[in-house]
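Take a look at the structure below.
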Amino acid sequence: MNTSQLLAVDLLLSFMSAGAWIGAAWMTASLRDKTRRIDLALLLLGVAVAVTVGRYALLPALVAGSWWFASERTTINVPLTIIPAAWAAAAGVPFLLRRRNTGSKPAPPGPGRSREWAVLALVAASASAVASLALTFVLGPFPSPWSLAVVLFMVAASVLIAKLALFTPPRGGASPVGSRPTAVAALAGLMICTALGSGVFAWLGSRSADGATIAAAVGHHGGTNVTVKDPTPVSSLVGDTSADAVVRHYELTARVEQVTLPSGQTTEAWTFGSLPGPALEAQLGEVMEVVLNNRDVSAGVTLHWHGYDVPNAMDGVAGATQDAVMPGQSMTYRFTAAQAGTYWYHTHQDSAEGVRKGLYGTFVVHHPASSRADTDVVVAGHDLSGLGLLGSSDRATWQRATPGSSVRVRLINTDSVQQRYLIQGAAFRAVAVDGTEVNQPPEVTGKLLRLGAGGRVDIAFTMPASPVTVRSDAAAGAVVVIAPQESAAGESQEVTPDKLPAGVFTTTPVLDLLDYGKPLVEDGNGSEPAHAITKERAVTREEVMVLDRQFRFVDGIPRYAFTVNGAAYPLVPSIEVAEGDTVKVTIVNRTSEPHPMHPHGHHVQVLSRNGVVPSGSPLVLDTVDVLPGEVWELLLHADNPGIWMDHCHNLDHAAEGMMMLLKYQGVSSPFVHGGHSHNRPE
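If you read the sequence shown in this note's numbering, its first letter stands for residue 712, the second for the next number, and so on.
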């Protein structure tokens, strides 16, 4: 059983435990001297004890996956529930057994045989089991002392209410304030007020950052917020461009339009004039100059360069590095193309909706020293309102290649969910991942390529004499066919791709990129290998990101949010670094969904996944697809000053809270998130 399944079992047992304890308490409190009712109470109590013990028998297995899967379960849940459970078993079992044997005869004195003692113990166990669920769904992995105090008060108040309501008779002649009903009502009212007050406090906290500057975002709970007298504004971090460099000038205009696909399907889209947007290309060292115009996208637009480590002012995040470009406005992005590889661009204003509706395009930078493939194909997979696209088509598209020539296919996942790609007709090599070349990639056949949201993989192969097809599980009707031709000017017949057998995307194994290619070795002079992003250097900071789900207010709206370390953006504590820091980041996924985590402006090198060190080529990523129950350890070198988003690239998850900041000391942002600014990057 893997960690994700263990977490699911733990959750199921939590509900079963709460239900069994509540049932046992109810049956014991309402006994009518019927053997069947007593037997049911004993059965429920036995189930409650067994489930509680069984739940915590899972803890060693969870800890084996990572301490973070069992942290608050061990340090808080165990004492919170085990102590009341032991009390309930010690008081309830003897009482129920004796009651079963003696019927209506009065029980001798003693706490072990006292109905009052048994019922109160069972109420305590019930309340603590419910509190355990609250820890999972409300408090999260890093509960505050205040929230723990509220939980303990609720448990104690539940027991006191049971005591007052069931076992404290009204005092004759007492004033109404001292009467049993009034006391119960007062205590229940206090519990309700405490719960409502906590909710209002959380709501106000979620609204306090609405309309605030990014510079005022929450600092890291374990770090130091360094106050700088004259901080550098992000708008000044524009980078250097050579006056002698070739300038690649592009102009993109965002618009709302009706799009008709090759299948005949028509849908409303937000585009940069085409789907995908215009293909942007450059040579390494050239200057990219891209003018963004907004014709009529009322939500506003920006341009974010996914995976490209641009200067911070060019990152294109509304509310962090710029204001959204509203209808009738323009903005120019200018930066040096300093990284070769396959990338893409998209809006980062209202991105969950904007990208889904079509505000994206491809961006490829070629290395002048590397020989280019004879045929270079860019395939962007996308789901447009339920219509799966490969490139610009939801049907078959054809490319021509001469047999024996070299072919490179650049696969880009522009969706918010995973895509699986099937290559048929040729053995291929995965030559680059997220823009970084793979060291000595071997040929692959019979395996799928899994791309997390935002991820890219370049494949290369020698063109055979028969067609090669590229398919994705996210675009059932689309296929890219690379068909042979005798020569560049030769004729070739049309090819109809074969239909896929059922279940091919679920039964075909997936290529594991952590076990692909060859490790790098130092040369005789000890120089850094060309493919490595960093030499071995001392880690100066360690950060943990626990990905989870709790009930939270997001922009003042109650949601079952996607959280980081128990909080939803903009209340997630930032990771604060100094330039030159080397940061070890541990990402733990405690949810049932994948989370493709994307740090802007930086790449990370994978140190391990679930404790296993990569055995192949060093894996350097800008989007890390963390599957349920996985733990990834990453190395990030802080060499690009600014204030950067770090978020789940399932953009719906980001919109529901799974987003945070990577902040450099001494950098500030004048831009405003939310409120009347219209800036909503998520």
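Backbone N, C-alpha and C define an ideal beta-carbon position, used for all residues, glycine too.
According to DSSP, residue pairing for residue 1104 in a beta bridge involves 1101.
By the Cβ-count criterion, residue 1335 is buried, with 16 or more other Cβ atoms from all chains shown falling within 10 Å of its own Cβ. Secondary structure of residue 1128 (DSSP, three-state): coil.
Annotation for residue 1316: the continuous beta strand (DSSP E) segment containing it runs 1315 to 1320. Rounded to the nearest whole angstrom, the C-alpha separation of residue 1174 and residue 1181 is 13 Å. A straight-line Cα-Cα distance of about 14 Å links residue 1042 and residue 1057. In this structure, residue 1105 and residue 972 form a Cβ contact; the two beta carbons are roughly 5 Å apart against a cut-off of 8 Å.
DSSP, reduced to helix, strand and coil, places residue 848 within a helical segment of the structure shown.
When DSSP reads this structure, residue 733 sits in no beta bridge, so it has no partner.
Within the stretch 1324 to 1374, the runs of beta strand (DSSP E) that reach at least 3 residues and sit entirely inside it are, in chain order, 1335 to 1337, 1342 to 1348 and 1354 to 1359. With a 10 Å radius around the Cβ and a threshold of 16 neighbouring Cβ atoms, residue 1359 comes out buried. By the CB criterion at 8 Å, residue 1002 and residue 1047 fall outside the cutoff. At the C-beta level, residue 1340 and residue 1378 stay beyond 8 Å of one another. In this structure residue 1271 is exposed. Its beta-carbon is surrounded by fewer than 16 other beta-carbon atoms within 10 angstroms. DSSP, read as helix, strand or coil, puts residue 795 in helix. Assigned with DSSP and collapsed to three states, residue 716 falls in helix. Looking at the DSSP output, residue 1268 sits in a beta bridge with 1265. Of 1249, 1260 and 1029, the smallest CA-CA separation from residue 1388 is found for 1029. Boundaries for residue 1227: no alpha helix (DSSP H) harbours it, and the DSSP string shows neither H nor E there. Excluding sequence positions up to five before and after residue 795, its CB lies within less than 6 Å of the CB of 835, 836 and 839, all in the same chain and listed in chain order. Assigned with DSSP and collapsed to three states, residue 1074 falls in strand. Boundaries cannot be given for residue 1280, as no alpha helix (DSSP H) includes it and DSSP labels it neither H nor E. Remark: C-beta atoms of residue 1077 and residue 1035 do not approach each other more closely than 8 Å. When the beta-carbon positions are compared, residue 1392 and residue 1040 stay at least 8 Å from each other. For residue 1307, the enclosing beta strand (DSSP E) begins and ends at 1306 to 1310. Proximity to residue 1385 across 1266, 963, 713 and 876 peaks at 1266, based on C-alpha coordinates.
When rounded, the separation of the alpha-carbon atoms in residue 809 and residue 778 is 43 Å. Of the residues assessed, residue 842 falls on the buried side of the cut-off, its CB having 16 or more other CB atoms within 10 angstroms. Contact between residue 1069 and residue 1228 fails: their C-beta atoms lie close to 35 Å from each other, not under 8 Å.
By the criterion of at least three beta-carbon pairs nearer than 8 Å, the stretch 1019 to 1027 is in contact with the stretch 947 to 966.
For the pair residue 1062 and residue 988, the Cα-to-Cα distance works out to about 15 Å.
Taking each of 1260, 789, 1111 and 720 in turn and checking the Cα distance to residue 1179, the smallest one comes out for 1111.
Cβ atoms of residue 1257 and residue 1301 come within 8 Å of each other, at about 6 Å.
Counting C-beta pairs closer than 8 Å gives fewer than three between the stretch 847 to 858 and the stretch 739 to 758, which falls short of the contact rule. Annotated as proximal: residue 731 and residue 759, with beta-carbon spacing under 8 Å. Around the C-beta of residue 790, fewer than 16 other C-beta atoms lie within 10 Å, and the residue is accordingly described as exposed.
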